[in-house]
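Chemist: First, the structure itself, so that you have it in front of you.
Number of protein chains: 2
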Amino acid sequence: MNADLLARFHGVIPAGGVGTRLWPLSRASAPKFLHDLTGSGSTLIRATFDRLVPLAGERIMVVTGKAHRGAVVAQLPEISDENLVLEPAPRDSAAAIGLAAAILYRRDPNIIMGSFAADQVIGPVEIFQQALVEAIHTAATGKIVTIGIHPTHASTAFGYIKAGESLDVVNAPSARGVVEFVEKPDEDTARRYLAGGGFLWNAGMFVAPVGLMLKHLEANEPDLYTGLMRIADAWDTEQRDEVMTEVWENLPKTAIDYAVAEPAAAAGDVAVIPGIFNWDDVGDFAAIGRLNSEDAEEGVITLGEAVRVYADNATGVVYSDRPRVVALIGIDDVIVVDTTDALLVTTKEHAQKVKATVEQLKERGDTSVL
Amino acid sequence: MNADLLARFHGVIPAGGVGTRLWPLSRASAPKFLHDLTGSGSTLIRATFDRLVPLAGERIMVVTGKAHRGAVVAQLPEISDENLVLEPAPRDSAAAIGLAAAILYRRDPNIIMGSFAADQVIGPVEIFQQALVEAIHTAATGKIVTIGIHPTHASTAFGYIKAGESLDVVNAPSARGVVEFVEKPDEDTARRYLAGGGFLWNAGMFVAPVGLMLKHLEANEPDLYTGLMRIADAWDTEQRDEVMTEVWENLPKTAIDYAVAEPAAAAGDVAVIPGIFNWDDVGDFAAIGRLNSEDAEEGVITLGEAVRVYADNATGVVYSDRPRVVALIGIDDVIVVDTTDALLVTTKEHAQKVKATVEQLKERGDTSVL
């Protein structure tokens with residue numbers, strides 16, 4: 022790959038979501054990206070960082086909550102202060118990714134940024150990196166490039182990308198235009214997408230010249246753009262904290278999809294590289310079961326160093342962070358998540374409903390365990 | 022009731038069984054009888070004691086393991102040292118009940134003892150006491166009297182008593198002879214017993230003159246009898262500990278049913294009072310569900326002061342002794358028992374299988390949680 026082009030690439034890792042469907046393992050004080058959910062020995066954020074290093078070197082910026090500073094630095098001890106962007110409070114993905122774009126733009130307007138959520142599981146890494154190289158080449162032609170995931174089933178949990186014509190980009194043979202982004206479909210529509218082909222899952226991966234990101238942000242969310250540029254202007258000065266405190270809490274809260282991706286697609290500025298690697302957003306405990314299925318012992322997956330599981334006619338997933346015995350008798354596909362102050366017992370079939378339980382806990386004011 | 026006759030009555034409470042099917046709530050260090058399993062506010066041993074007080078006053082002897090001395094005294098602060106018999110190690114029910122009989126016989130050969138396990142749930146208490154009064158009157162005619170439970174279903178978990186002719190005992194109109202004790206039947210046999218009538222559940226309640234108990238023990242288990250009498254002779258002397266230590270560990274291990282009840286029935290010496298009170302031996306967590314069903318909130322029974330349960334399309338029983346949230350989603354009849362070092366997750370249907378899991382834990386050497 023062209024060394025000059027690669028030198029322009031800068032990774033961005035927004036590390037924001039709590040991962041509500043993985044409660045009580047994942048929670049405000051210990052969000053999903055700080056856990057090793059695949060038994061790989063790496064937390065999700067560490068694995069995300071490591072995937073980018075071969076292409077980005079030290080040029081990887083992490084955007085996360087102030088509260089997670091210590092945990093993130095413990096995971097990524099090599100990260101420099103200038104690459105660690107701390108949010109005083111969550112303001113959704115457009116603010117997080119837009120701020121990274123604005124800071125990088127002020128440092129060097131030629132930067133091509135690549136934004137990858139901190140809590141996805143991807144492999145083999147080499148296939149991902151090949152797609153990323155194609156995405157960088159395509160971005161250099163003046164596109165916002167998303168890496169779309171080949172659907173493996175008719176999922177209703179993800180938004181889709183409708184791919185268009187091949188773009189004939191040099192060194193990016195699989196680059197195609199994007200007709201549109203579509204919201205999470207119902208089951209019939211999802212089945213139609215899968216059968217018809219040409220639809221990819223939107224994994225929220227964006228590779229683009231920072232200037233192009235900001236151009237679309239300015240056009241669609243001018244207040245957000247203005248605020249972010251004010252912060253970026255102060256970022257590498259002594260005024261950083263003062264301006265951040267003043268501006269951040271008044272920024273519009275919106276998703277990067279609405280603020281940039283969808284309108285940019287409508288303007289013909291978005292391309293897609295189909296990713297043929299394995300991908301999982303570890304959306305719930307059923308996903309954790311899938312991702313660890315090779316480590317199952319007689320149908321039971323155990324997460325946690327110290328827990329000892331005894332199963333009698335039972336299968337499923339058990340997590341416990343403590344040295345205790347967990348006995349399962351006569352339940353299939355059970356999910357047991359055992360933490361100091363909260364215990365979840367459900368089944369794989371109901372794994373998506375954990376979110377509703379968390380909302381119920383919130384409503385009842387039982388927030389100390391969230 | 023005849024005051025002289027009542028003055029001869031002495032309660033005996035063997036408090037021995039661990040209650041393996043209630044693991045991990047019930048365990049060697051905190052057996053079943055030390056728990057309040059009905060939400061009554063009383064532990065099972067306290068409730069057993071209180072049921073006997075109106076008839077026995079302070080004349081109630083408890084036979085339990087040395088290790089439980091502190092817990093038992095905490096539950097029964099009024100118990101005197103002479104009524105607390107401590108076993109160095111468990112040697113089955115014939116040794117425990119036989120030793121009580123022998124000690125009481127040495128103190129007063131006219132005593133009528135009534136032995137009632139520490140871990141059964143009975144109500145209404147008054148109906149039980151009426152049956153006990155009939156049993157004492159019948160015992161005074163020279164019988165070993167068992168109180169049999171009217172079967173409410175074709176249980177295969179209990180032994181049965183085959184009742185014979187009415188005995189025409191004054192003040193004990195429901196006393197009948199016992200033809201035989203029969204072992205736990207298979208399902209067909211249990212259904213036949215229920216349909217035919219005349220069969221009662223054997224709850225291990227025995228009311229008898231101590232001399233008659235010892236006579237049958239001597240005839241059927243002479244070594245056990247001799248050993249127990251040696252201990253009884255030393256009991257109220259300074260040699261108690263020395264003799265107990267020497268003799269106890271060599272005593273034959275057998276159940277009171279084999280050592281006394283069955284051969285006594287064959288000799289025509291056993292009577293039965295049918296008990297028409299409610300009775301439960303709290304044999305497993307399904308029983309705990311039944312016994313607390315009135316306290317269910319939306320199908321979930323919660324045991325434990327500090328636990329907060331959230332159920333979404335779930336029913337069952339949750340026990341936790343700690344202040345934590347337990348969330349159940351989409352499982353019916355689930356049983357969750359949460360203790361510091363062990364967690365059980367099963368369903369009511371499989372409640373009886375807890376015993377097998379405990380045996381598996383024992384086999385694998387994971388005994389610290391038993």
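Respectively, the protein sequence lines represent chains A and U. Per our numbering, numbering through the first sequence is continuous, rising by one, with the last residue being 391. Per our numbering, numbering through the second sequence is continuous, rising by one, with the last residue being 391. In this text, a Cβ means the ideal position worked out from N, Cα and C, and glycines have one as well.
1. Using the Cα positions of R90/A and I322/A, report the straight-line distance between them to the nearest angstrom.
2. Based on Cα-Cα distance, which residue from L125/A, K374/A, I170/A lies nearest to M250/A?
3. Can you give me, in chain order, the residues of the stretch 351 to 370 of chain U that have a beta carbon less than 8 Å from any beta carbon in chain A?
4. How would you label R72/A, buried or exposed, when you count the other beta carbons within 10 angstroms and need 16 or more for buried?
5. Could you compute how far the alpha carbon of I277/A sits from the alpha carbon of E186/A?
6. Using DSSP's beta-bridge definition, name the partner residues of S341/U.
7. Applying the criterion that 16 or more other CB atoms from any shown protein chain within 10 Å of the CB defines a buried residue, is E259/A buried or exposed?
8. Taking one C-beta from the stretch 98 to 111 of chain U and one from the stretch 74 to 90 of chain U each time, how about it: are there three or more such pairs within less than 8 Å?
9. At a Cβ cut of 7 Å, what residues of the stretch 316 to 347 of chain U count as close to chain A, listed as they run along the chain?
10. Which one or two residues does DSSP pair with W256/A in a beta bridge?
11. Kindly list the residues whose CB is nearer than 7 Å to the CB of Q373/U, restricted to its own chain and excluding five residues on each side of it in sequence; keep chain order.
12. According to DSSP, is D129/U part of a helix, a strand, or is it coil?
13. Confirm, please, whether the CB-CB distance from F227/U to K183/U is below 7 Å.
14. Tell whether a beta-carbon distance below 7 Å holds between G32/U and G119/U.
15. Is the stretch 319 to 337 of chain A touching the stretch 372 to 388 of chain U, taking contact as three or more C-beta pairs under 8 Å?
16. Going along chain A in order, which residues have a C-beta closer than 7 Å to the C-beta of V390/U?
17. Please tell me whether L349/A has its Cβ less than 7 Å away from any Cβ of chain U.
18. G351/U and H371/A: beta carbons closer than 7 Å?
19. Is it the case that the stretch 133 to 152 of chain U contacts the stretch 51 to 65 of chain U, given that we only count it when at least three CB pairs across the two stretches are under 8 Å?
20. Examine the Cβ distances between the stretch 154 to 174 of chain U and the stretch 290 to 297 of chain U and report whether three or more of them are shorter than 8 Å.
21. Below 8 Å, can you find three or more Cβ-Cβ pairs linking the stretch 194 to 207 of chain A to the stretch 264 to 284 of chain A?
22. For the beta strand (DSSP E) containing G217/U, list its first residue and its last residue.
23. How about the stretch 146 to 153 of chain A and the stretch 96 to 104 of chain A: do they share at least three Cβ pairs that are nearer than 8 Å?
24. Please name the residue, chosen from L188/A, N192/A, G217/A, that lies closest to T175/A on a Cα-to-Cα basis.
25. In chain U, what lies closer than 8 Å to L382/A by C-beta?
26. What residues in the stretch 41 to 55 of chain A have a beta carbon less than 9 Å from any beta carbon of chain U?
27. Determine, using beta carbons only, whether K374/A comes closer than 7 Å to chain U.
28. May I have the straight-line CA-CA distance separating V366/A from V347/U, to the nearest angstrom?
29. In terms of alpha-carbon separation, which member of V328/A, P230/A, I157/A lies closest to A196/A?
30. Where do the ends of the beta strand (DSSP E) carrying L332/U lie?
31. What is the residue span of the beta strand (DSSP E) that N23/U lies within?
32. Is the distance from the Cβ of A253/A to the Cβ of R127/A below 7 Å?
33. Which residues does DSSP pair with R48/U in a beta bridge?
34. My parser needs the beta strand (DSSP E) runs of 3 or more residues fully inside the stretch 66 to 145 of chain U; what are they?
35. Between which two residues does the beta strand (DSSP E) carrying L324/U extend?
36. Select from A68/U, G289/U, M265/U the residue whose C-alpha is nearest the C-alpha of P145/U.
Modeler: Looking at the atomic coordinates:
1. Within the first sequence, the letter at position 69 stands for residue 90/A. Within the first sequence, the letter at position 301 stands for residue 322/A. For R90/A and I322/A, the distance between alpha carbons rounds to 31 Å.
2. Locating residue 250/A in the first sequence gives position 229, counting from the first residue. Residue L125/A is the option with its Cα nearest to M250/A.
3. G351, I352, V355, V357, D359, T361, D362, A363, L364, L365, V366, T367, T368, E370
4. Along the first sequence, one-based indexing puts residue 72/A at 51. Buried.
5. If you number the first sequence from 1, residue 277/A lands on position 256. If you number the first sequence from 1, residue 186/A lands on position 165. Each residue's alpha carbon lies about 24 Å from the other.
6. As a position in the second sequence, residue 341/U is number 320, starting the count at 1. Bridge partners of S341/U: D359/U.
7. For the purposes of this step, residue 259/A is taken as residue 238 along the first sequence, with counting starting at 1. When all chains shown are included, E259/A counts as exposed.
8. yes
9. R329, Y331, D333, R345, V346, V347
10. In the first sequence, the residue the question calls residue 256/A occupies position 235. Paired residue(s): none; W256/A is not in a bridge.
11. By 1-based counting over the second sequence, the position of residue 373/U is 352. Only R42, D305 meet the Cβ criterion.
12. Counted from its first residue, the second sequence places residue 129/U at position 108. Residue state, collapsed to three classes: coil.
13. Position 162 of the second sequence holds residue 183/U. Position 206 of the second sequence holds residue 227/U. The answer is no: Cβ separation not under 7 Å.
14. The sequence position of residue 32/U within the second sequence is 11, counting from 1. The sequence position of residue 119/U within the second sequence is 98, counting from 1. Contact flag unset, no.
15. yes
16. Here residue 390/U corresponds to residue number 369 of the second sequence, with the count starting at 1. The contacting residues are V346.
17. Numbered from its first residue, the first sequence carries residue 349/A at position 328. With 7 Å as the cut-off, L349/A counts as an interface residue toward chain U.
18. Here residue 351/U refers to the residue found at position 330 of the second sequence. Here residue 371/A refers to the residue found at position 350 of the first sequence. Against a cut-off of 7 Å, the Cβ pair of H371/A and G351/U comes out as a contact.
19. yes
20. yes
21. yes
22. For the purposes of this step, residue 217/U is taken as the residue at position 196 of the second sequence. That residue, G217/U, is in no beta strand (DSSP E); its alpha helix (DSSP H) goes 208 to 217.
23. no
24. Reading the first sequence from its first residue, position 154 is the one you call residue 175/A. Correcting the residue identity first, residue 175/A is Ala in this sequence and not Thr. For the residues L188/A, N192/A, G217/A, the minimum Cα distance to A175/A belongs to G217/A.
25. Position 361 of the first sequence, counted from the first residue, corresponds to residue 382/A. Under the 8 Å cutoff, chain U gives Y331, V346, A348.
26. W44, P45
27. Position 353 of the first sequence, counted from the first residue, corresponds to residue 374/A. It does; some Cβ of chain U falls within 7 Å.
28. In the first sequence, residue 366/A corresponds to position 345, counting from 1. In the second sequence, residue 347/U corresponds to position 326, counting from 1. Between V366/A and V347/U, the C-alpha separation is close to 8 Å.
29. On the first sequence, position 175 is the one that residue 196/A refers to. Nearest C-alpha to A196/A: I157/A.
30. The residue given as residue 332/U occupies position 311 in the second sequence. The sequence given here places Ala at residue 332/U; Leu does not occur at that position. Unbroken beta strand (DSSP E) run through A332/U: 329 to 333.
31. As a position in the second sequence, residue 23/U is number 2, starting the count at 1. Neither: N23/U is in no beta strand (DSSP E) and is coded neither H nor E.
32. What you label residue 253/A is simply residue 232 of the first sequence in a count that begins at 1. What you label residue 127/A is simply residue 106 of the first sequence in a count that begins at 1. Yes, these two residues count as a Cβ contact at 7 Å.
33. Indexing the second sequence from 1 puts residue 48/U at position 27. In the DSSP output, where bridge partners are listed per residue, R48/U has A51/U.
34. 81 to 86, 105 to 108, 133 to 136, 142 to 144
35. Within the second sequence, numbered from 1, the residue matching residue 324/U stands at position 303. Its beta strand (DSSP E) spans residues 321 to 324.
36. Translated into the one-based positions of the second sequence, residue 145/U becomes position 124. The shortest Cα separation from P145/U among A68/U, G289/U, M265/U belongs to A68/U.
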